[in-house]
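Below: one structure, written as structure tokens.
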Amino acid sequence: MEMAISEITLVVFTTIAPAGAIGYVLLAAAILLTRDDAVAKRLSTYLVIPLLLALVGLISSATHLGTPANALYVLTGIGRSPLSNEVVAAAVFLAFGGAAWILSFGHRRRDALSSFGLGFAALTALVFVEFVARAYSVETIPTWNFPAAPWTLWANALASGPAVALLVYACADIMAPRRFAFVAMAVSLCAVAVNIALLLFERAGLNGVVTTVARASDLMAFLPGALVAFAVLCCLGVTVCFLSATHRRFAALSKRRTRIAWCILGVAIALIGCFAVRFSFYAMYMTWGI
């Protein structure tokens, strides 16, 4: 528990930034697949929202450095330090994602360059999530080095990322296509189920791990409660976003800012649920004492 509290900024980073990255990927796919240039233009304008989420997450993690001078140590650790790699991957994603967003303002119609830039930015977003997922596989920390641990971060990101994508549709004042909305919601709900299964599997696998100073079972005592909160909040959050972005009767009776407010609430609820399981991950910190 003390570890999770002391590293609260990293909990925020690994909750918010991957969600923004997955939201960006889903929106990039929607923009590239739509045949309506006007829709693509409006969605591209609001691509800044998932980028801002990732940026806020990165800034929160920067406070973990202590002083700005320590950022130099991050740069010198590229290639050999998993933490340095995830920070650099975040910077690369933000750079290319931001470039693709800016590039969209200079074109009324999509062209090969803007489409390639958007697709490449989406690829860097996936690479970023992978680096974050692998950053905590440390041999001396058995509760973090469990094989299923990286996949739980992916599941977390896929559970909350679709809500971010639906928020962008509300901000763009566009009814999300039913097919896209149902796919987004299905991805989120499946990710919730997979994450719960992975964490229960991890709990069973680590239950017998004991060191001279701690027992893994004691550190995972509140994991069931975190899983319940995660399941309820993520499902509720993505459902709120789904209804706000796709329900025509709701859209007809509500102003744009009302739909945006509901979607923001849905995203916040989903992220709080994801925060609960990420907090439990950090709370399971236990070393072999090497």
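Note that the working numbering gives residue -10 to position 9 of the sequence shown, counting from 1, and the numbers run on in steps of one. Where a beta carbon is used, it is the ideal one built from N, C-alpha and C, also for glycine. If you're wondering where the values come from, they're calculated on a predicted model, not measured in any experiment.
Nearest C-alpha to A144 among C255, R23, K22, R259: C255.
R259 is not a Cβ neighbour of D154, given a cutoff of 8 Å.
Distance from the CA of P205 to the CA of I(-3), rounded to the nearest whole angstrom, comes to 22 Å. Between V221 and L246, the C-beta gap is smaller than 8 Å, which places the two residues in contact. In the three-state DSSP reduction, S118 falls in the coil class, being neither helix nor strand.
The distance from the Cβ of L8 to that of A210 is about 27 Å, inconsistent with a contact at the 8 Å cut-off. In this model, S42 and V(-7) are separated by some 8 Å (Cα to Cα). Taking 4 residues as the shortest admissible run, the region 104 to 188 contains the following complete alpha helix (DSSP H) segments, listed from N- to C-terminal end: 130 to 152, 159 to 187. When rounded, the separation of the alpha-carbon atoms in V108 and V68 is 12 Å.
Per DSSP, R238 is one residue of the alpha helix (DSSP H) stretching across 237 to 264. Here the region 96 to 103 does not lie against the region 156 to 176, with fewer than 3 beta-carbon pairs under 8 Å apart. Remark: three or more beta-carbon pairs, one from each stretch, lie closer than 8 Å, so the region 24 to 42 and the region 76 to 86 are flagged as touching.
Shown here for T15: same chain residues with a beta carbon closer than 7 Å to its own, the five before and five after excluded, namely A21 in chain order. Per DSSP, the unbroken alpha helix (DSSP H) holding R23 starts and ends at 18 to 26.
Between F127 and L187, the C-beta spacing is below 8 Å. Between the alpha carbons of S96 and T227 lies a distance of about 26 Å.
As the crow flies, the alpha-carbon of T239 is around 36 Å from that of L179. Around the C-beta of I3, 16 or more other C-beta atoms lie within 10 Å, and the residue is accordingly described as buried. Annotation for V37: I(-3) place their beta carbon closer than 7 Å to its own, counting only its chain and skipping 5 residues before and after. Assignment of A202 by DSSP, reduced to helix, strand and coil, places it in the coil class.
In the DSSP assignment, F86 falls outside any alpha helix (DSSP H), carrying neither H nor E. Secondary structure note for T(-4): its alpha helix (DSSP H) is the uninterrupted segment -11 to 14. In this model, L94 and M156 are separated by some 27 Å (Cα to Cα). Excluding the 5 residues flanking it on each side, G142 has same chain C-beta neighbours closer than 6 Å at A0, I3, G4, in chain order.
About 5 Å separates the beta carbons of A140 and C215, which is inside the 8 Å limit, making them a contact pair. Between A19 and F161, the C-beta gap is not smaller than 8 Å, which leaves the two residues out of contact. Excluding the 5 residues flanking it on each side, L39 has same chain C-beta neighbours closer than 8 Å at F(-6), A(-2), V68, A71, A72, L75, in chain order.
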